[in-house]
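Under our numbering, think of the first position of the sequence shown as 17, with each following residue one higher.
By construction, the Cβ of each residue, glycine as well, lies at the ideal position given by its N, Cα and C atoms.
If you're wondering where the values come from, they're calculated on a predicted model, not measured in any experiment.
Below you'll find the structure, written out as structure tokens, and then a few comments.
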Amino acid sequence: MLKLYYYPGNANLAPHMLLEEMGVPYELVLVDRTKDAHHSADYLKLNPNGRIPVLVDGGLVLFETAAICLHLADSYPEAGFAPAVGTKERAHFYKWLVYLTNTLQAELITYFYPERWAEDDDAIAQVKAHAEAHVGGMLDLLDRTLAENGGPYLRGAKMSAVDPYLFMLSRWTRMMENPARNRKHLGAFLRMMAERPAVRRTLEQEGLGEPLF
17 MLKLYYYPGN
27 ANLAPHMLLE
37 EMGVPYELVL
47 VDRTKDAHHS
57 ADYLKLNPNG
67 RIPVLVDGGL
77 VLFETAAICL
87 HLADSYPEAG
97 FAPAVGTKER
107 AHFYKWLVYL
117 TNTLQAELIT
127 YFYPERWAED
137 DDAIAQVKAH
147 AEAHVGGMLD
157 LLDRTLAENG
167 GPYLRGAKMS
177 AVDPYLFMLS
187 RWTRMMENPA
197 RNRKHLGAFL
207 RMMAERPAVR
217 RTLEQEGLGE
227 PLF
């Protein structure tokens with residue numbers, strides 16, 4: 017059985033939702049960050065970076081959220097969460113997954129951990145403010161994309177593995193001055209996703225309450 021190592025609301029949320037959507041049997045394994053469990057010797061054997069999540073699939077140990085989502089989509093093609101390899105649709109799927117993980121998520125990490133890029137309090141505050149502004153522009157682009165492709169999902173009418181990822185990252189903005197939910201099309205996407213039974217089950221299993229996004 018698959019094992020997903022998680023901590024509530026962390027980057028495991030996207031593959032967790034995907035597993036629920038697919039109906040694939042799996043086991044959740046809590047990595048308690050409050051007890052520094054992600055830096056324990058046992059966990060570092062799974063992910064030497066000390067980051068969450070990790071997926072264990074038989075003899076395969078996989079970290080990096082986007083890689084886990086791709087592996088799940090490819091391992092269970094009958095679930096239909098990724099277009100066929102070699103198609104233009106697959107190329108666009110790659111584009112958005114990479115954009116979410118390499119552009120939006122990377123900027124969100126800057127927002128949440130500005131002290132990694134500055135030392136004094138004023139500089140840290142500037143880094144955080146600039147990161148929030150950059151995130152806002154990225155959310156605007158995603159909002160326009162949902163409008164232009166007619167939605168309701170990021171790639172149009174059909175849900176794919178990029179949509180749980182977008183929900184997860186949008187949720188991380190919930191305490192910002194202008195969170196993702198404030199945008200017309202992105203807000204509608206988030207409300208729709210939150211009503212999906214698989215997403216509701218995931219949020220409940222991770223003990224995540226209001227504000228959901």
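Classify S268: buried if its beta carbon has 16 or more other beta carbons within 10 angstroms, exposed otherwise. In the structure as shown, the chain starts at 17 and stops at 229, and residue 268 therefore has no counterpart that could be examined.
Inspect the CB distances between the segment 48-58 and the segment 27-39 and report whether three or more fall short of 8 Å. no
Taking only beta-carbon positions, decide if A139 is within less than 9 Å of chain C. No chain C appears in this structure, which consists of one protein chain only.
Please list the segments of the alpha helix (DSSP H) lying wholly inside the segment 17-90, counting only runs of 4 or more residues, in order along the chain. 29-38 and 57-62
Between the CA atoms of F109 and T103 - distance to the nearest angstrom: 10 Å
Which residue's Cα is closest to the Cα of M192: L29, K200 and G152? G152
Among residues of its own chain, excluding the 5 on either side of G223, which ones have a beta-carbon nearer than 6 Å to its beta-carbon? P24
Taking buried to mean at least 16 other C-beta atoms within 10 Å of its own C-beta, is N26 buried or exposed? buried
Within its chain, find whatever has a CB closer than 6 Å to the CB of R190; leave out the 5 residues flanking it on each side and keep chain order. P227 and F229
Closer than 8 Å is the cut-off here; do at least three beta carbon pairs connect the segment 124-133 with the segment 157-177? no
With DSSP collapsed to three states, give me the class of G223. coil
6 Å Cβ shell around K19 - same chain, five flanking residues per side excluded: E43, V45 and V72
Since G172 sits in a beta bridge, which residues does DSSP pair it with? Y169
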